[in-house]
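Novice: So the protein sequences, as listed, match chains A and B. Note that our numbering gives residue 135 to position 135 of the first sequence, counting from 1, and the numbers run on in steps of one. Note that our numbering gives residue 351 to position 148 of the second sequence, counting from 1, and the numbers run on in steps of one. All residues carry an ideal CB built from backbone N, CA and C; glycine is no exception.
There are 2 protein chains.
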Amino acid sequence: MSNVVHSKVTHLYESGETGGKREAILNAALELFTERGFHGTAMPLVAELAGVGAGTIYRYFASKEALVNVLYQYWNEFQLVTITRDVPCDIPLRDQFHIYWQRLVDFAKDYPTAFAFLELHYHAPYLDEKSRAIEERGHNALVGFFEECLRQKIAREASAEILASIVWGAYVGLVRASRNGRFEITPEVIEQSENSCWDAIRR
Amino acid sequence: MSNVVHSKVTHLYESGETGGKREAILNAALELFTERGFHGTAMPLVAELAGVGAGTIYRYFASKEALVNVLYQYWNEFQLVTITRDVPCDIPLRDQFHIYWQRLVDFAKDYPTAFAFLELHYHAPYLDEKSRAIEERGHNALVGFFEECLRQKIAREASAEILASIVWGAYVGLVRASRNGRFEITPEVIEQSENSCWDAIRR
DNA sequence: GGTAGAAGAATGAACGTTCATTCCGCGCCT
DNA sequence: AGGCGCGGAATGAACGTTCATTCTTCTACC
Numbered sequence: 001m002s003n004v005v006h007s008k009v010t011h012l013y014e015s016g017e018t019g020g021k022r023e024a025i026l027n028a029a030l031e032l033f034t035e036r037g038f039h040g041t042a043m044p045l046v047a048e049l050a051g052v053g054a055g056t057i058y059r060y061f062a063s064k065e066a067l068v069n070v071l072y073q074y075w076n077e078f079q080l081v082t083i084t085r086d087v088p089c090d091i092p093l094r095d096q097f098h099i100y101w102q103r104l105v106d107f108a109k110d111y112p113t114a115f116a117f118l119e120l121h122y123h124a125p126y127l128d129e130k131s132r133a134i135e136e137r138g139h140n141a142l143v144g145f146f147e148e149c150l151r152q153k154i155a156r157e158a159s160a161e162i163l164a165s166i167v168w169g170a171y172v173g174l175v176r177a178s179r180n181g182r183f184e185i186t187p188e189v190i191e192q193s194e195n196s197c198w199d200a201i202r203r
Numbered sequence: 204m205s206n207v208v209h210s211k212v213t214h215l216y217e218s219g220e221t222g223g224k225r226e227a228i229l230n231a232a233l234e235l236f237t238e239r240g241f242h243g244t245a246m247p248l249v250a251e252l253a254g255v256g257a258g259t260i261y262r263y264f265a266s267k268e269a270l271v272n273v274l275y276q277y278w279n280e281f282q283l284v285t286i287t288r289d290v291p292c293d294i295p296l297r298d299q300f301h302i303y304w305q306r307l308v309d310f311a312k313d314y315p316t317a318f319a320f321l322e323l324h325y326h327a328p329y330l331d332e333k334s335r336a337i338e339e340r341g342h343n344a345l346v347g348f349f350e351e352c353l354r355q356k357i358a359r360e361a362s363a364e365i366l367a368s369i370v371w372g373a374y375v376g377l378v379r380a381s382r383n384g385r386f387e388i389t390p391e392v393i394e395q396s397e398n399s400c401w402d403a404i405r406r
């Protein structure tokens, strides 16, 4: 059913190559948790979509909560690395922002389910300490950028936390609307929204 | 427990004054659905927080789904009316935006739980047609404003849908961050964010 | 190279628990 | 005294999880 997704991101999950069952479970859980929510998804359903027995899941994950936390940590970490890696810090902040925005939109385009999953489970009560920690790391990276904008007097006078929440919120709003079929995210839309967001925070 | 909230919004729910049980159930459900999610909230727990018997809920609501839909419709409608009512259309759009932004922030401040509830259940699969319809009405109202901005050549060249998703996203991001304790929403913050968002969409 | 046997991975029926919902006896108001 | 609204124990379905069993894979020895 979701074999395309499987083959696409299989290599991404750390694994000792046990026949791909762990990956199949993770991909099935990602899909179902995203569409139906954590409490709305029954474990046997995950097993069915993954093409494994119900008991098999518990050979790889201690519990349903452990499963959702592994998913959350994996994708949050992956998102953070994908967006922030190798961004030159010796170019103007406006140009850095261009790179970041492009990568944000690309991530949502390349991994739409993962993006929706992360959004849906943001700050969920069943996330453990490790999930919260990586959540916090991402937030700090975002805020850090705007602090640098403030230091260089490029951003308007507002706390970095506020600028971060506005830009991140706009990003989420944009992707969510496109996911709901409001519009397609074309290169033109990416450029327009990037300029919008930059104008929202620049001095 | 949440008596303050009860006494505050009791009058808002349409009711034939049955002793306030319907309102108590609605308020308890609002609180619990918001904090634990729809599937994560057990009906007996709702009954306990509402201070009624478990069976009593079913005297007022046909099912758990009916309950969440009544809540969603009520608060979405209330939000829409609160934000859009009596806004003069003969003043500059920039001034209209000022009013809208103030009301949006006020709504989130006055009804933080309702705001979080609406955000959490946006586009949830268990929402019925009527809930979707009022969801759509709100969206159209928002988009309509930006269409007028485009007509008057005040907004930058981008589709109204895109401008709407960015501004609404920024609003949600701002409120969510303050809800997570990142900052307080002071009059200064409201003004800064309003200017931010206007600059994001203006020509 | 082929076969026997061990080891561990996978299974899905079964378990105890918890859920949404029902139902019936109690108590309050007239 | 009667009737209506209420509470909370009862109910059956569905949940997350377990475990006895089967299936697969790999090794060792002839």
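1) If you pair each beta-carbon of the stretch 182-196 of chain A with each one of the stretch 152-167 of chain A, do three or more pairs fall below 8 Å?
2) In angstroms, rounded to a whole number, what distance separates the CA positions of E184 of chain A and E191 of chain A?
3) Mapping the DSSP letters down to three states, classify C352 of chain B as helix, strand or coil.
4) So, for Q305 of chain B: in the same chain, excluding its five sequence neighbours on each side, which residues have a beta-carbon less than 8 Å away from its beta-carbon?
5) Listed in chain order, which residues of the stretch 144-159 of chain A have Cβ atoms closer than 8 Å to some Cβ of chain B?
6) Does the separation of the CB atoms of A227 of chain B and V255 of chain B fall below 8 Å?
7) What do you reckon, are the CB atoms on V68 of chain A and F33 of chain A nearer than 8 Å?
8) Among the residues of its own chain, which have a CB less than 7 Å from the CB of R406 of chain B, if the five just before and after it don't count?
9) Across which residues does DSSP place A155 of chain A in a beta bridge pair?
10) Residues of chain B with CB under 7 Å from P125 of chain A, in chain order?
11) What do you reckon, are the CB atoms on M43 of chain A and A54 of chain A nearer than 8 Å?
12) Report yes or no: do the stretch 105-119 of chain A and the stretch 73-82 of chain A share at least 3 C-beta pairs separated by less than 8 Å?
13) Tell me the rounded alpha-carbon separation between P390 of chain B and R288 of chain B.
14) Along chain A, which residues have their Cβ under 7 Å away from the Cβ of F386 of chain B?
15) What separation, rounded to the nearest whole angstrom, lies between the Cα atoms of G173 of chain A and I369 of chain B?
16) Give a yes or no on whether 8 Å exceeds the smallest Cβ distance from H201 of chain A to chain B.
Specialist: If we stick to the structure as given:
1) Under the Cβ criterion (8 Å, minimum of three pairs), the stretch 182-196 of chain A does not count as touching the stretch 152-167 of chain A.
2) Walking along the first sequence from the start, residue 184 of chain A turns up at place 184. Walking along the first sequence from the start, residue 191 of chain A turns up at place 191. Rounded to whole angstroms, E184 of chain A to E191 of chain A spans 13 Å at the Cα level.
3) Your numbering for residue 352 of chain B matches position 149 in the second sequence. DSSP places C352 of chain B in helix when its eight states are reduced to three.
4) Mapped onto the second sequence, residue 305 of chain B falls at position 102. Non-local beta-carbon contacts of Q305 of chain B in its own chain, meaning distances under 8 Å to residues more than five positions away in sequence, involve I393, E397 in chain order.
5) Listed by position along the chain: R156, E157, A158, S159.
6) Start at 1 with the first residue of the second sequence, and residue 227 of chain B comes out as number 24. Start at 1 with the first residue of the second sequence, and residue 255 of chain B comes out as number 52. Taking 8 Å as the cut-off, the Cβ atoms of A227 of chain B and V255 of chain B count as close.
7) Indexing the first sequence from 1 puts residue 68 of chain A at position 68. Indexing the first sequence from 1 puts residue 33 of chain A at position 33. Cβ atoms of V68 of chain A and F33 of chain A: closer than 8 Å.
8) By one-based count along the second sequence, residue 406 of chain B stands at place 203. Correct list, in chain order: K356, I357, A358, R359.
9) Position 155 of the first sequence, counted from the first residue, corresponds to residue 155 of chain A. In the DSSP output, where bridge partners are listed per residue, A155 of chain A has A:R202.
10) Locating residue 125 of chain A in the first sequence gives position 125, where the first residue counts as 1. Near P125 of chain A (Cβ distances below 7 Å), the residues of chain B are R239.
11) As a working note, residue 43 of chain A is residue 43 in the first sequence. As a working note, residue 54 of chain A is residue 54 in the first sequence. Closer than 8 Å, so yes.
12) Verdict: yes, contact present.
13) Along the second sequence, read from residue 1 onward, the residue named residue 390 of chain B stands at position 187. Along the second sequence, read from residue 1 onward, the residue named residue 288 of chain B stands at position 85. P390 of chain B and R288 of chain B: Cα-Cα distance of roughly 22 Å.
14) Counting from one through the second sequence, the residue named residue 386 of chain B turns up at place 183. Within chain A, the residues near F386 of chain B are S159, E161, I162.
15) To locate residue 173 of chain A, count along the first sequence from 1; it is residue 173. To locate residue 369 of chain B, count along the second sequence from 1; it is residue 166. Taking the straight line joining both Cα atoms gives about 6 Å.
16) For the purposes of this step, residue 201 of chain A is identified with residue 201 of the first sequence, where counting begins at 1. The question names His, yet the displayed sequence has Ile at residue 201 of chain A. Yes - at least one Cβ of chain B is within 8 Å of the one on I201 of chain A.
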